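The structure appears below as structure tokens.
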Amino acid sequence: MTEAPLLSVRNLKQHYPVTKGLLGREVERVRAVDGVDFDLRPGETLGLVGESGCGKSTVAETTLRLEDPTDGAIRFDGEDVAGYEGDALKEYRRRVQLVFQDPNATFDPRMSVGEAVGEPLLIHGMGDPDRRRAIVEDLLERVGLSAGDADRYPHEFSGGQKQRIALARSLVLDPDLLVADEPVSGLDVSVQASVLELMGDLQETFDLSILFISHDMSVVREFCDRVAVMYLGEIVERGPVEAVFEDPQHPYTRALMDAIPDLGTRDGPPPEPLSGDVPDPADPPDGCRFHTRCPAVIPPEDLDLDRAVWRAVYDFRLALERHSFDREALAERVGATDDETLRTGARETFDVPAELSDPDAESAVSTAIDALLAGDEEAAVDRLGAAFVSPCERTEPKPVGVDRKRDAACLRLEDRVEVEAD
Amino acid sequence: MTGDALLSVEDLTVEFDTTQGTIRAIEEVTFAVHPGETVCLVGESGSGKTVAGETLTRLIPTPPGRVVDGSVTFDGQDLTAASERELRSIRGNRIAHVFQNPQNALDPAYTVGDQVAETIELHRDDPNAHERAIELLDRVDLPRPATAAGKYPHELSGGVKQRVVIAAALAADPDLLIADEPTTALDVVTQAQILRLLADLQAERDLSVLFVTHDLGVVSEVADRVVVVYAGRVMERGPVEDVLEDPAHPYTRALIASLPGRGESMEPLRGSFPDPVDRPDGCLFHPRCPHAVEECRETVPPEHDVLRSRYAGESATPNRSAACVYYGENHDSAELDRGEHDPDDLDGEDRATGEPDAEDHDTTGPDAEDHDATEIPAEREGDSP
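Protein chains in written order, with our numbering: chain L, 1114 to 1535; chain R, 21 to 405.
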């Protein structure tokens, strides 16, 4: 794979300052994208996958220069995109086209399909209506509609058909790169398949590279050559789609795969879904950003607890650090106010067993709960903070090469590399 | 199935009057939901599955909609004959609905705690409604429910909002929950969380659930039994593992083949969805069916018991049937596993978009934003995860 990339993104950052007051003092920074690298080669499809709020759409918008990045470099066909202005920027935006999730928002309801699809040609200087019409009719047929549909209006079409029209519009300027942001997420599953098939055909016909953004690993698997998994502004794993699917290296990738409903092919009970939402990008967790939700978060070396129990105790600690303890709410939940019931209730709330198998851990948890009930929250947080520290919150994982084409950023992999080096 | 059904729908037929003519949204649809059971109504946009769910508590606008035939019996009471007053005491109380878009179900001007509390008070006088609301928010796993209760819908993510809607639906302790695409607008991780929550709540409260969805993947996670509908008619029904692992009807097979990411090659559904004002004769699926024979064009196939090879020697599985001639006396269903006939109607003008054409049932002008009374209340496709 020595071909020069069509699109090359390095250390891309997009931060949004949140300001307050008349002077516009910056109170915090939303780190929507925080250091992202990827390459997209000619004719290739790269999937950018992650949950809502992981920053994948921001990557798309910044790549198109709809917004200027806070930091980092975007090179397209060997040139730095940041320097583009005027005609050069216009030409860049001709060669790179965007397809959105919601085809309804793509179209002006008062514009006929023909006008909408031909509009970019007009903007780019093709004044001859007959030529525009000919191009539009040809494209409509290529996306599975008919030339006569040019005279109809967007509302006359179903969601899947509108997405086909949106694809026709995106291709009218003969682009090299298509950035498709959740292009099939709003469609019925049965319609998704036909739109994906069309995109594959168009890619071949027009020799397109595609940056395909999605939250759904099953669609990515169907359509992409390579995948980059994003979490909270960072890429946590990347590699060829099939390799990643067969043997995901990052716990987040695995969680995304586990979230795909299966058709009864899975053995045993369905895996526990990830809990909670993506954390606030204005205040990302230290170390590995996924440690607050990671089912595989690394326990302290000397701790001897089952994985599930460790995760529960750790969640207990993280919850206390983030939110103050509400004795009243707990009392209401357990329906009693005496310390003994509250002690049991606190453990039950966090799925912490009545007694931990590791005596040191047990002592830390019970001391902390006693301190909480005595009103000394700080002592409780300190006690738990001293006893249950994961390496994952201390060290930011670096991308580790899994093989020549794959890497993932997880401390578990770094450990493995060290072991192998020994 | 043992015991009496909680909900029993028989031969339900619902029509809508439009300027283009009368549309039959569902036709002779029959299914039952037993206590503690989840039944999935599966179909594409335009299949009538939402109309079926909404007709049960008469949520469809009448006119233009009307129940032409059939009955809906809930806990012994015929709902099609019930007065609006009687229905109001059932709706939200004993039968609760959860819809696709939580944004539409919540009022932006009130805190979510107030909204759940309001639902509780609507159904019974409860001086502790607010505390009970917090308990419910806690039960649907809202982190820090007491604080969350004070938040407004816009401060919450889509998944959290859907949890709030579920809490409100549970407020009156219903017997039956009708969940219409409750996870379609959410991303996959949030979807998995919500499906898990619904399963837990169901087990805990012995709730019956009618789950309406277009996604067979979701079906596999939640359903006990499945009813597959196409253009308003039932195509296949049966226990979930049978239908998904060994689909009988060619339509169900096509739906499964169109699922992405199974590691096998994805095969889009060919042909286009029937025009609701000009539906094909015979089997509604025949123009798109690779196995269609002359008979399919002429007669509507009845639901035949399915006796698949894996049950060879056993009697037909109860409640497993397919409305397909290949399961009738004159055919051998094993033929479905062999070659394909050429469906000659496929070369028609619609080519291979495989999608319903909105023109045919959208009768409003260029500005179709407003919900026109004559418009078919067809399912909206999912919006933004």
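Don't be surprised by glycine CBs; every beta carbon is placed ideally from N, CA and C.
None of the values given here were measured: they were computed from a predicted structure.
So which of L:1517, L:1499, L:1396, L:1527 has the shortest CA-CA distance to residue 1509 of chain L?
Here residue 1509 of chain L refers to the residue found at position 396 when the first sequence is read from its first residue. Nearest to residue 1509 of chain L by alpha-carbon distance, out of L:1517, L:1499, L:1396, L:1527, is L:1527.
Could you give the uninterrupted runs of the beta strand (DSSP E) lying entirely in the stretch 1495-1523 of chain L, keeping only those of 3 residues or more?
Counting only unbroken stretches of 3 or more residues, the beta strand (DSSP E) elements lying wholly within the stretch 1495-1523 of chain L are 1513-1516, 1519-1521, in sequence order.
Using a Cβ-Cβ cut-off of less than 7 angstroms, give me the residues of the stretch 1160-1189 of chain L that come near chain R, in sequence order.
Answer in chain order: 1164, 1165.
Beta-carbon within less than 6 angstroms of residue 1131 of chain L's beta-carbon, same chain only, minus the 5 sequence neighbours each way: which residues are those?
As a working note, residue 1131 of chain L is residue 18 in the first sequence. Residues 1140, 1141 of the same chain have their beta carbon placed closer than 6 angstroms to that of residue 1131 of chain L, with the five preceding and five following residues left out of the count.
Taking only runs that begin and end inside the stretch 1273-1343 of chain L, name each unbroken beta strand (DSSP E) of 3 or more residues, in chain order.
Qualifying beta strand (DSSP E) stretches, in chain order: 1290-1294, 1322-1327.
Report yes or no: is there a C-beta of chain R within less than 7 angstroms of the C-beta of residue 1332 of chain L?
As a first step, residue 1332 of chain L must be located in the first sequence, where it is residue number 219. With a threshold of 7 angstroms between beta carbons, residue 1332 of chain L makes contact with chain R.
When you compare each of R:262, R:235, R:304 to residue 255 of chain R by their alpha carbons, which one comes out closest?
Position 235 of the second sequence, counting from 1, holds the residue named residue 255 of chain R. Checked all of R:262, R:235, R:304; the closest Cα to residue 255 of chain R is R:304.
Name the two residues that bound the continuous alpha helix (DSSP H) containing residue 242 of chain R.
Within the second sequence, the letter at position 222 stands for residue 242 of chain R. Start and end: 236-242.
By Cβ distance below 7 angstroms, which residues in the same chain neighbour residue 374 of chain R in space, the five residues on each side in sequence not counted?
Here residue 374 of chain R corresponds to residue number 354 of the second sequence, with the count starting at 1. Any answer about residue 374 of chain R is weak, because its pLDDT of 46 lies below 50 and its placement is not dependable; what the coordinates show is given next. Only 288, 289, 290, 291, 292 meet the Cβ criterion.
Do residue 1449 of chain L and residue 1161 of chain L count as a contact pair if the criterion is CB distance below 7 angstroms?
Within the first sequence, numbered from 1, the residue matching residue 1161 of chain L stands at position 48. Within the first sequence, numbered from 1, the residue matching residue 1449 of chain L stands at position 336. Their beta carbons are not under 7 angstroms apart, which means residue 1161 of chain L does not touch residue 1449 of chain L by this criterion.
Where residue 384 of chain R sits in the DSSP three-state scheme:
Within the second sequence, residue 384 of chain R is the residue found at index 364, counting from 1. Legend: pLDDT at residue 384 of chain R = 36, less than 50; position of this residue unreliable, value from coordinates given subsequently. Coil at residue 384 of chain R, not helix or strand.
Please list the terminal residues of the continuous alpha helix (DSSP H) segment that includes residue 1479 of chain L.
Locating residue 1479 of chain L in the first sequence gives position 366, counting from the first residue. 1472-1486 is the extent of the alpha helix (DSSP H) around residue 1479 of chain L.
Counting only runs that start and end within the stretch 36-76 of chain R, where is the alpha helix (DSSP H) found for 4 or more residues in a row?
Counting only runs of 4 or more, we get 69-76.
Buried or exposed by the 16-neighbour rule on C-beta atoms within 10 Å, applied to residue 120 of chain R:
Counting from 1 along the second sequence, the entry for residue 120 of chain R is found at position 100. So residue 120 of chain R counts as buried.
How many Å lie between residue 1245 of chain L and residue 1228 of chain L at the Cα?
Taking the first sequence and counting its residues from 1, one reaches residue 1245 of chain L at position 132. Taking the first sequence and counting its residues from 1, one reaches residue 1228 of chain L at position 115. In a straight line, the C-alpha of residue 1245 of chain L is about 9 angstroms away from that of residue 1228 of chain L.
I'd like the list of long-range same chain contacts for residue 1127 of chain L, defined as Cβ closer than 6 angstroms, with 5 residues on each side in sequence excluded.
For the purposes of this step, residue 1127 of chain L is taken as residue 14 along the first sequence, with counting starting at 1. The answer, listed in chain order, is 1145, 1146, 1171, 1175, 1182, 1183.
By the 10 Å Cβ neighbour count, where 16 or more other Cβ atoms means buried, how is residue 320 of chain R classified, buried or exposed?
Mapped onto the second sequence, residue 320 of chain R falls at position 300. Answer is exposed; the Cβ neighbour count stays below 16.
Label residue 1429 of chain L either buried or exposed according to how many other C-beta atoms from any shown protein chain fall within 10 Å of its C-beta, with 16 as the threshold for buried.
What you label residue 1429 of chain L is simply residue 316 of the first sequence in a count that begins at 1. By the neighbour-count rule (16 or more Cβ atoms within 10 Å), residue 1429 of chain L is buried.
Any C-beta of chain R within less than 8 angstroms: which residues of the stretch 1297-1319 of chain L qualify?
If the cut-off is 8 angstroms between Cβ atoms, the stretch 1297-1319 of chain L has 1298, 1299, 1300, 1301, 1302, 1303, 1304, 1305, 1306, 1307, 1309, 1310 near chain R.
Cβ of residue 1359 of chain L less than 7 angstroms from any chain R Cβ?
Taking the first residue of the first sequence as position 1, residue 1359 of chain L is located at position 246. Chain R, which has no Cβ nearer than 7 angstroms to the Cβ of residue 1359 of chain L, makes this no.
In the DSSP assignment, what residue or residues form a beta bridge with residue 200 of chain R?
The sequence position of residue 200 of chain R within the second sequence is 180, counting from 1. Answer is R:232, bridged to residue 200 of chain R.
Does the structure place the stretch 1291-1309 of chain L close enough to the stretch 1219-1233 of chain L that three or more beta carbon pairs sit under 8 angstroms?
Counting Cβ pairs under 8 angstroms, fewer than three are found: no touch.
What residues in the stretch 1437-1462 of chain L have a beta carbon less than 9 angstroms from any beta carbon of chain R?
Going along the stretch 1437-1462 of chain L in chain order, one finds 1439, 1441, 1442, 1445, 1446 with a Cβ nearer than 9 angstroms to chain R.
Could you confirm whether any beta carbon from chain L is found closer than 7 angstroms to the beta carbon of residue 353 of chain R?
Counted from its first residue, the second sequence places residue 353 of chain R at position 333. Output row for residue 353 of chain R: interface = no.
Contacting residues, own chain, Cβ-Cβ under 6 angstroms from residue 264 of chain R (five flanking each side not counted):
Residue mapping note: residue 264 of chain R aligns to position 244 of the second sequence, counting from 1. Closer than 6 angstroms at Cβ, skipping near neighbours: 240.
Rank L:1311, L:1404, L:1328 by C-alpha distance to the C-alpha of residue 1369 of chain L and give the top, closest one.
Sequence index remark: in the first sequence, residue 1369 of chain L carries index 256 (1-based). Minimum Cα distance to residue 1369 of chain L is reached at L:1328.
Measuring only the C-alpha atoms, how far is residue 148 of chain R from residue 185 of chain R?
The count along the second sequence starts at 1 and reaches residue 148 of chain R at position 128. The count along the second sequence starts at 1 and reaches residue 185 of chain R at position 165. Going by the C-alpha atoms only, they are around 20 angstroms apart.
Proximity of residue 1072 of chain L and residue 1397 of chain L at Cβ, strictly below 7 angstroms
Nothing about residue 1072 of chain L can be reported from this structure: the residues present for chain L run from 1114 to 1535 only.
How long is the line joining the alpha carbons of residue 227 of chain R and residue 59 of chain R, rounded to whole angstroms?
Position 207 of the second sequence, counted from the first residue, corresponds to residue 227 of chain R. Position 39 of the second sequence, counted from the first residue, corresponds to residue 59 of chain R. Here the C-alpha atom of residue 227 of chain R lies approximately 12 angstroms from the C-alpha atom of residue 59 of chain R.
Which of the residues in the stretch 90-113 of chain R, read from start to end, lie with their CB under 8 angstroms from any CB of chain L?
Under the 8 angstroms Cβ criterion, the stretch 90-113 of chain R contributes no residue.
Where residue 1130 of chain L sits in the DSSP three-state scheme:
Translated into positions along the first sequence, residue 1130 of chain L becomes position 17. When DSSP states are grouped into helix, strand and coil, residue 1130 of chain L belongs to the strand group.
May I have the straight-line CA-CA distance separating residue 96 of chain R from residue 26 of chain R, to the nearest angstrom?
If you number the second sequence from 1, residue 96 of chain R lands on position 76. If you number the second sequence from 1, residue 26 of chain R lands on position 6. The straight-line gap from Cα to Cα measures roughly 8 angstroms.
Exposed or buried, what is residue 1488 of chain L when buried is set at 16 or more other beta-carbons lying within 10 Å of its beta-carbon?
Position 375 of the first sequence holds residue 1488 of chain L. Exposed.
Check whether the Cβ of residue 225 of chain R lies closer than 7 angstroms to any Cβ atom in chain L.
Counted from its first residue, the second sequence places residue 225 of chain R at position 205. Using a Cβ-Cβ cut-off of 7 angstroms, residue 225 of chain R does not count as an interface residue toward chain L, since no Cβ of chain L sits closer than that to its own.
Quick check on residue 1428 of chain L - is its C-beta less than 7 angstroms from some C-beta in chain R?
Sequence index remark: in the first sequence, residue 1428 of chain L carries index 315 (1-based). So, not an interface residue.
Contact set between the stretch 153-166 of chain R and chain L, restricted to residues whose Cβ is under 9 angstroms from the partner
The residues in question are 154, 155, 158, 161, 163, 164, 165, 166.
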